[in-house]
Amino acid sequence: MEIDVNGANNVKKIIPEAICIFIMPPTMKELKKRLVGRKTETKEMVLNRFKRAYQEINELAQYNYVVTNDEVKNAVEKMSAI
């Protein structure tokens, strides 16, 4: 299931044994590059997503694992191992 920080908190309340994995960008610079590169959002939307990412990173302690999405294949392998 792919959900945001609030959704993960709600799942944990209902299912305390749920395993939550935070998918982290390799760097904030790379995150911005990816968001802009998609060309699916306005500059304002990209800025809002970038701000939200900073807020969500502050919630890492609520997750069981953190996986850095440096390359999709590597991230998938790490998540599969979990």
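Residue numbers (the numbering used here): 141 to 222.
We put the CB at the ideal spot given by N, CA and C, even for glycine.
Under a 10 Å Cβ-count criterion, L200 is classified as exposed, with fewer than 16 other Cβ atoms of the shown protein chains found around its own Cβ.
Check the Cα spacing between V216 and each of F162, A148 and E170: the tightest is with F162. Taking each of N214, D210, V212 and Y203 in turn and checking the Cα distance to A158, the smallest one comes out for Y203.
In the DSSP assignment, M164 falls within the beta strand (DSSP E) that extends over I161 to M164. The Cβ atoms of M164 and I197 lie closer than 9 Å to each other.
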